[in-house]
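Please read the structure below before turning to the comments.
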């Protein structure tokens, strides 16, 4: 994945963790509308993990990986906004899984619509 | 005393003394005479033996082969005893003299009484049955050896240790990025593009024209 280093830097900045890693990536092509013929959207799904030493740090990292914080960090490194597909979860080494309640991420803004909105605003 | 015609030609004389102390004298048969007897199909009487005193032991063994009555083998063995006297043949031209302290040769006489007139010596054949017990060969022991092949060495590629996943707490999330944000890079830049080939001198001239 391109700009993977930039994405990891953004994840580190958003979560406050010192280490982050992309576990897996998957290329997904979806049809945006059933009526449209060729409007296909291709996205890259990436599973990202950050490691911390304490439970408090894990909670803080999960809260920092919200869509809002993450997109701000991504914008700072020049990466388009991303959509949080799976809410952050905390896996302890003992096997305990800590659920973290975060706010639902905002819908992914398509660049074209954003550009169109910006153009309308300017006009 | 039987004298064969063959041996008659050979002049063999034996002196016999009436004295009690006299010893028996055995005249050895010349090899030449033996050779003649084998070639002449006549009854064989090879040697002449006279025993007069007890100083000479005479043993006569008669053997009749089974199934063949015609062939009768008589073997006479004369063993002289040492006598400290010398017997001198006084008469005849070929007197045999046995010196004192000398052992006279032993003589074996084989009398072949072949009755048929075919002239063949058919009585001397003696069948010897030889029974041979075969030695038992040691039985070869077949050993079944089951060899278990050694397990192939398993090559395991060490997985790079992830510092993130080994951390006490791991925060995981899944994000979706638009495809347009992906930047495609070629793994290596071709050297031809990095160092463009300079046009040939002749081509350059042609282009200039």
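Chains as they are written, first to last, in the working numbering: chain A, 1 to 123; chain B, 1001 to 1209. A virtual CB, placed ideally from N, CA and C, is assigned to each residue, including glycine.
Pick from the options that is closest to residue i, judged by C-alpha positions
i	options	result
residue 90/A	1133/B, 1149/B, 1173/B	1173/B
residue 65/A	1145/B, 1134/B, 1171/B	1171/B
residue 60/A	12/A, 8/A, 7/A	12/A
residue 29/A	23/A, 10/A, 45/A	45/A
residue 88/A	1169/B, 1151/B, 1142/B	1169/B
residue 15/A	92/A, 73/A, 86/A	73/A
residue 10/A	81/A, 54/A, 42/A, 86/A	81/A
residue 93/A	1143/B, 1163/B, 1179/B	1163/B
residue 58/A	1143/B, 1132/B, 1165/B	1165/B
residue 47/A	40/A, 77/A, 26/A	26/A
residue 49/A	70/A, 22/A, 3/A, 79/A	22/A
residue 3/A	86/A, 83/A, 77/A, 85/A	77/A
residue 53/A	70/A, 7/A, 18/A	18/A
residue 85/A	56/A, 20/A, 51/A, 43/A	43/A
residue 128/A	62/A, 41/A, 56/A, 40/A	Residue 128/A cannot be examined here, being either before or after the span of chain A that is shown, 1 to 123.
residue 1167/B	51/A, 55/A, 67/A, 71/A	51/A
residue 67/A	41/A, 79/A, 83/A	83/A
DSSP-derived helix/strand/coil call for residue i
i	result
residue 64/A	helix
residue 1165/B	coil
residue 3/A	coil
residue 1176/B	strand
residue 1097/B	Residue confidence is low: residue 1097/B scores 47 on pLDDT, short of 50, so the model does not pin down where it sits. Its coordinate-derived value is still stated next. Three-state result, residue 1097/B: coil.
residue 1039/B	Its pLDDT being 49, under 50, residue 1039/B is placed unreliably by the model, and the measurement read from it follows with that caveat. It is helical.
residue 9/A	helix
Range covered by the beta strand (DSSP E) that runs through residue i
i	result
residue 89/A	83-92
Note to self: Ignoring anything shorter than 3 residues, give me the beta strand (DSSP E) runs that lie fully in the region 11-58 of chain A, in order along the chain.
What the structure shows: 19-31, 40-52
Next item on the list: Compile a chain-ordered list of the residues in the region 1-24 of chain A whose CB is closer than 8 Å to at least one CB of chain B.
Entry: 1, 2, 3, 7, 15, 17, 19, 20, 21, 23
Notebook entry, point to check: Using a Cβ cut-off of 8 Å, which residues of the region 57-77 of chain A contact any Cβ in chain B, in chain order?
Noted result: 57, 58, 61, 62, 65, 70
Next item on the list: Output, in sequence order along the chain, the residues in the region 1158-1178 of chain B whose CB is closer than 9 Å to any CB in chain A.
Entry: 1162, 1163, 1164, 1165, 1166, 1167, 1168, 1169, 1170, 1171, 1172, 1173, 1174, 1175, 1176, 1177, 1178
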